[in-house]
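The end of the sequence shown is residue 608 by the numbering used here, with every number in the run present.
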Amino acid sequence: MNPETKACQNCKKHFTIDSRDFEFYEKISVPQPTWCPWCRMIRRMAFWNERSFFRRTGDDGKPVLSTYPQESLFKIIDEDKWWSDSFDTLSYGRDYDFSRPFFDQLKELASTVPFPHRAGMELIDSEYSNNSNHLKNCYMCFNSAKCEDSLYCVFSGAVKNCIDILSGSDCELCYNLETGSRCHKVFFASNTDGCINSWLMYNCNNCSDCLGCVNLHKAQYHIFNKPYSKEEYFKKLGGLNLGSHRALEEHKNVWHELMLKSPRKYYVGIQNVNSIGDLVAHSKDAKYCYEAYGLESVAYSQALAPTVRDSYDFTNWGVNAERVYEAVDCGIHAYDIKFSFGCSPNCKNIQYSLGIFSSSDCFGCVATKKAQYCILNKQYSKEEYEALIPKIVEHMNAMPYIDALGRKYTYGEFFPPDMAPYAANETALLDFTDLDEEKSEAFGLIWRETKTAEYKTTIQAKDLPDNIKDAGENITKEIIACAGCERAYRIIPTEFTFYKTYSIPIPRKCHNCRFKDRVAFRNLPKWYPGKCKCGGLASANGMYQNTAEHPHGAEPCPNTFETTYAPDRPEIIYCEKCYQQEVV
Numbered sequence: 025m026n027p028e029t030k031a032c033q034n035c036k037k038h039f040t041i042d043s044r045d046f047e048f049y050e051k052i053s054v055p056q057p058t059w060c061p062w063c064r065m066i067r068r069m070a071f072w073n074e075r076s077f078f079r080r081t082g083d084d085g086k087p088v089l090s091t092y093p094q095e096s097l098f099k100i101i102d103e104d105k106w107w108s109d110s111f112d113t114l115s116y117g118r119d120y121d122f123s124r125p126f127f128d129q130l131k132e133l134a135s136t137v138p139f140p141h142r143a144g145m146e147l148i149d150s151e152y153s154n155n156s157n158h159l160k161n162c163y164m165c166f167n168s169a170k171c172e173d174s175l176y177c178v179f180s181g182a183v184k185n186c187i188d189i190l191s192g193s194d195c196e197l198c199y200n201l202e203t204g205s206r207c208h209k210v211f212f213a214s215n216t217d218g219c220i221n222s223w224l225m226y227n228c229n230n231c232s233d234c235l236g237c238v239n240l241h242k243a244q245y246h247i248f249n250k251p252y253s254k255e256e257y258f259k260k261l262g263g264l265n266l267g268s269h270r271a272l273e274e275h276k277n278v279w280h281e282l283m284l285k286s287p288r289k290y291y292v293g294i295q296n297v298n299s300i301g302d303l304v305a306h307s308k309d310a311k312y313c314y315e316a317y318g319l320e321s322v323a324y325s326q327a328l329a330p331t332v333r334d335s336y337d338f339t340n341w342g343v344n345a346e347r348v349y350e351a352v353d354c355g356i357h358a359y360d361i362k363f364s365f366g367c368s369p370n371c372k373n374i375q376y377s378l379g380i381f382s383s384s385d386c387f388g389c390v391a392t393k394k395a396q397y398c399i400l401n402k403q404y405s406k407e408e409y410e411a412l413i414p415k416i417v418e419h420m421n422a423m424p425y426i427d428a429l430g431r432k433y434t435y436g437e438f439f440p441p442d443m444a445p446y447a448a449n450e451t452a453l454l455d456f457t458d459l460d461e462e463k464s465e466a467f468g469l470i471w472r473e474t475k476t477a478e479y480k481t482t483i484q485a486k487d488l489p490d491n492i493k494d495a496g497e498n499i500t501k502e503i504i505a506c507a508g509c510e511r512a513y514r515i516i517p518t519e520f521t522f523y524k525t526y527s528i529p530i531p532r533k534c535h536n537c538r539f540k541d542r543v544a545f546r547n548l549p550k551w552y553p554g555k556c557k558c559g560g561l562a563s564a565n566g567m568y569q570n571t572a573e574h575p576h577g578a579e580p581c582p583n584t585f586e587t588t589y590a591p592d593r594p595e596i597i598y599c600e601k602c603y604q605q606e607v608v
């Protein structure tokens, strides 16, 4: 079919549905979307709490640390009770009411059936972690798997003895790493692979014993991209005083200046075929995807782990998932999941369901366990189920749900924002979008002041010892006022030992502000038309002199692309070919 331009039901901006999109919608038997990709993403992410914990009272009256706030639509109970055979979520089932909109009925059910107080599987001595599986001795690790002895890690896999990692894999003894893999003893780095014993690295691969470097490959003994002999390197390294917070900040400034003077590829990613995205790797036919790995025929999706196939509008998780559409927090052998939240593992043929486990052939279900042929948590026979679903779809179209902003929800729309269990600022929306309180409320989302326990601080961050060598174990007893948000935080003993061992200054910010600093290395998942900034013999702004001859010679590169770098950004953005001439 020919591409079709439509006006978004929410923001009123125009978006395009192309022939490939039409094929997908026809394949999985869903109508065309009425919201643009950006608004669809926001709508899903309103249901995604990646890193927030809340102290609240459970349905049994006991205080608990939960992933759902007290103000949430959802009730919660202790996860051990939820998993027990004595707790049956099908006991909350009810008949479908054809006199009321579907979402009214689902919202009512969701406010009745308790959810487990947190999400995760096989979390060993990792109580303060969420949306994760197979963790051991981890603290405040989120959206991660197969991690051990690590702190403050997000969207990471197989990391060990690491602290402050965002999107890391197969790393050990690393600190403050954003998008890194196969690294060992790498501190303060971004977009780095296979590096060892290095500090302050950006877009470096297979390097060892380097500091403050940008765009280096298979290098050793470099400081701010300048090569040294082994003896010179360690002599100079010893004089950099890396254990000093003040000295390290000065080195960071030099490193950041070097980044601005060096060319960057128009997107972050490797080994992609016929794809448009950012932070994407090892993917084929991926379109407008962000922070995802191992995709095939996937579009408009974010934060996915390998592998995901034939899926659209899928946010967070994945892992051997196929034919997923308009879903968030679903994964592990998921198949044919539509318009759903929190479905895992081994879920199949699921529509409009929330927080279900190992279930199949369910429509409008909440927190079910190993259920099949259920609608609104009521059990049916296979024949009854298959006969009733088309009638419900027809009813959803004939009696749509209308929200407070006048937006219409027929079959094919994700849950309305007023069903979201969180305020916008309690979700991952703040990490992936430019939403603030005003924009959130205009979208139909609430914004809630974060309630945190009040602690009397004992020391300001600026008064911490400048050098880690001058810090004693008593620092673990201090309650520090964060230099960023001014909230209280502590350095736990395991963390202090790590800093002491590797001569890393005591951080002046809490773990949440440090996370935001790592996110700041990234662009938002918005795409702009871009043009290569290679001017021929140098970058177009003259700040970088090319080191090799490019196919276009001394003339400016004519190549264009779609990129997450806005046109007014100061970075030197090169196309794939020009970048490879200079860096690879």
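Note that beta-carbon positions come from the ideal geometry of N, C-alpha and C, so glycine has one too.
Measure the C-alpha to C-alpha separation of residue i and residue j and round it to an integer number of angstroms.
i    : j    : result
Y409 : S384 : 12 Å
N154 : Y163 : 10 Å
L303 : D309 : 15 Å
T518 : F211 : 17 Å
D217 : Y425 : 48 Å
A358 : V352 : 12 Å
C32  : Y404 : 37 Å
I148 : T584 : 49 Å
V417 : Y435 : 6 Å
M443 : I483 : 42 Å
A507 : K99  : 36 Å
N230 : Y245 : 12 Å
D337 : I597 : 28 Å
G262 : Q569 : 31 Å
I374 : I361 : 5 Å
L97  : C386 : 21 Å
F111 : F139 : 11 Å
P414 : M420 : 10 Å
E350 : F438 : 6 Å
L175 : S150 : 10 Å
V88  : D102 : 8 Å
A505 : H576 : 54 Å
Exposed or buried, what is residue i when buried is set at 16 or more other beta-carbons lying within 10 Å of its beta-carbon?
i    : result
D188 : buried
A345 : buried
E202 : buried
P549 : buried
M283 : buried
A448 : buried
D233 : buried
M25  : exposed
I356 : buried
S582 : Checking the sequence shown, residue 582 turns out to be Pro, not Ser. Classification of P582: exposed, given that the 10 Å Cβ count is below 16.
S268 : buried
Please name the residue or residues paired with residue i in a DSSP beta bridge.
i    : result
P287 : I596
E320 : K308 and R333
F387 : Q375 and I399
V297 : K308
E634 : Outside the displayed span of the chain (25 to 608) sits residue 634, for which this structure offers no information.
T609 : No answer is possible for residue 609: it lies beyond the span of the chain, which begins at 25 and ends at 608.
V178 : F166 and L190
C609 : The structure shown has nothing for residue 609, since the chain only spans 25 to 608.
A590 : DSSP, once it has assigned bridges, lists no residue as partnering A590.
L159 : L147 and C171
E478 : DSSP, once it has assigned bridges, lists no residue as partnering E478.
L328 : A316 and W341
For the beta strand (DSSP E) containing residue i, list its first residue and its last residue.
i    : result
I220 : I220 to Y226
G262 : First-last for G262: K254 to G262, but that is the alpha helix (DSSP H), not the beta strand (DSSP E).
Y409 : From DSSP, Y409 is part of no beta strand (DSSP E) but of the alpha helix (DSSP H) over K406 to A422.
Y152 : Run containing Y152: none; DSSP gives neither H nor E here.
R431 : Per DSSP, R431 belongs to no beta strand (DSSP E) and is neither H nor E.
C537 : Note, C537: premise wrong, no beta strand (DSSP E); alpha helix (DSSP H) at H535 to V543.
K555 : Y552 to K555
K362 : Y359 to F365
Q244 : Q244 to I247
L235 : S232 to V238
What is the residue span of the alpha helix (DSSP H) that residue i lies within?
i    : result
S464 : E461 to F467
F585 : Per DSSP, F585 belongs to no alpha helix (DSSP H); it is in the beta strand (DSSP E), T584 to T587.
Y523 : P517 to T525
E437 : Careful: E437 lies outside any alpha helix (DSSP H) and carries neither H nor E.
A134 : F126 to A134
Segments of 4+ residues assigned as alpha helix (DSSP H) that fall wholly inside the segment 31-110: Within the segment 31-110, the complete alpha helix (DSSP H) segments of 4 residues or longer fall at 43-51, 61-69 and 103-107, listed in chain order.
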